[in-house]
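See structure below.
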Amino acid sequence: AARRLESLDPAGTVFAEFSALALKHGAVNLGQGFPTLPVPKFITDAATDAVKGDGLLHQYTRSEGHVRLAKALSAYYVDKIGRTLDPMSEVVTATGASEAIYSTIQAFINPNDEVILMQPFYDCYPAAVTLAGGKPVMVSLRPPADQPATTSHDWKFDVEEIRRAVKPGVTKMIVINNPHNPIGKVFTREELESIGKLAVEYDLLVLADEVYETLVYDDSVTPFIKFASLPGMFERTITVGSIGKMLGVTGWKIGWALGPPDIIRAIWMVHQYVPFAVVTPLQEAAAVCIEQAISSTYFQDTQKQYTHLRNKFHAHLKATGLTPTLPHGGYFILADTTRVSHVPLENTSSTKAAPTAAGDRRDYRVCKHLTEHALVTAIPPSAFYDAVAGGPLDVPAKLARFAFCKNEKMLDDAGGKLKAYF
Ligand code: PMP
Ligand code: GLN
């Protein structure tokens, strides 16, 4: 294989690994983030209507994005970004947010360019950067030093750490994920503005992965702000979104990038040689759904439904003594696993070198142990850290990430199994 694969883990992604493990042990799978909730009828109807005919919806559509979907996205975002997006030049649709991220990085990162990532990071960012020959440079979001975080808001970054990580002329981009996977943090205006100021100072592009933008639970405490809506930021921001999160249909694999025409054109130049165009009937269906959702209470109803699921699973974790961090957005909850005494904590204290092999790290061993003995599967968050660069692995060592985008029965079942185990 090509040398560029050497930067990737031959075992594959943590999601595939733990889904397989859950299946093997018949465990309740709260690992990989995909909803097991019923899909509303207006969504399944839109999908069946789109494939029912025998016409051109079965053929390639416009490479830059199916026109009806680009228009629906433009209408959806107008008041969120505070600007009318030209559907023909400021939107490109992609095979999921994953491809939008990959094509963006291919389009802008030269070999040896540096990209700043905040760890914990979603795992496709460093992979996309290294495949482009670039170098991911890590800065950290950190929980309080002395006690477990109570809410996701307790996780903070230090803007001076980001400044120190920037090499003028070499650093090309910073990636921010808001709402955040796995923390659930919704960044404040001040936090976003401090990043924006650095971006202007060092002329950085900002890749704003906002796939969980519709899943925000405490709007009055932490309103979600789109990065591109900040004054002066649209010009340097690539906004990424996903129909998988917006409609709870991760298998549709439709995403998009939004931004100024020159940026979108560069992303499309890569995109045209990756999938060329995205699945036509589901882009049509996605457009119909967004048109309908805008004029209904779908987004508000979904927020309520997810708030309920979040609160329910948060209570289950609390009752087991796996101290949870209340997330303000997204569909994951981090929990403190210190009380899984079977896997002692001292093995990965920050004073000793943490094991770089994933399977040896405490959080991997805890998540395997809980799958095998409590029959509940979570994701070890050190998968979202750079072990090789010596990331602060003492932080994820005592955490596990549970997905709560699951039906109530699964959440109650998992809660019951964890209680029985402890
Ligand atoms: N970004 C984040 C933060 C994610 O959690 C995910 C996956 N759920 C993606 C991007 C990829 O989204 P998609 O499934 O649309 O490719
Ligand atoms: N984004 C999902 C998660 O964080 C997983 C997507 C995937 O399996 N690649 O769980």
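Numbering (UniProt numbering), first residue to last: 3 to 424.
Every residue gets a Cβ at the ideal spot worked out from N, C-alpha and C, and that includes glycine.
Computed from a predicted structure; not experimentally measured.
So Glu212 and Val242 are supposed to be a Cβ contact under 8 Å. How far apart are they, rounded?
7 Å
In chain order, what residues place their C-beta within less than 6 Å of a heavy atom belonging to the ligand GLN?
Thr15, Phe17, Gln34, Gly35, Asn183
The ligand PMP heavy atom lying under 7 Å from the CB of Tyr308
no
The segment 26 to 45 contacting the segment 246 to 253, beta-carbon criterion three pairs below 8 Å:
yes
Val16 versus Ala385 - alpha carbon distance:
7 Å
Candidates Met175, Thr224, Glu286, Val218: closest to Cys407 by CA position:
Val218
By the DSSP assignment, the beta strand (DSSP E) with Leu336 in it spans what residues?
334 to 338
Quick check on this structure: which residue in Ile197, Ala399, Ala380, Ala376 has the alpha carbon closest to the alpha carbon of Ala422?
Ala376
Continuous beta strand (DSSP E) stretch holding Ala210: start and end
207 to 211
Distance CB(Ala22)-CB(Asn31) smaller than 8 Å
No, the Cβ-Cβ distance between Ala22 and Asn31 is not below 8 Å.
Distance between Ile118 and Val168 (C-alpha atoms, nearest Å):
8 Å
Quick check on DSSP: helix, strand or coil for Ile296?
helix
Run through the segment 113 to 196 for me and flag every whole alpha helix (DSSP H) of 4 or more residues, listed as ranges in chain order.
Listed in chain order, the complete alpha helix (DSSP H) runs (minimum 4 residues) inside the segment 113 to 196 are 126 to 133, 161 to 167.
Decide if Thr353 is buried, meaning its Cβ has at least 16 other Cβ atoms within 10 Å, or exposed.
In this predicted model, Thr353 has a pLDDT of only 45, less than 50, meaning its place in the structure is not dependable enough to derive any value.
With respect to 7 Å, is the separation between the Cβ of Gly67 and the closest non-hydrogen atom of the ligand PMP below this value?
no
Considering only C-alpha positions, which residue in the set Gln121, Lys199, Thr190 is nearest to Val177?
Comparing alpha carbon positions, the residue from Gln121, Lys199, Thr190 closest to Val177 is Gln121.
My output table needs one value for residue 2: the three-state DSSP class, helix, strand or coil.
Because the chain spans 3 through 424 in this model, residue 2 falls outside it and cannot be assessed.
Alpha carbon to alpha carbon, what distance is there between Tyr79 and Ile269?
19 Å
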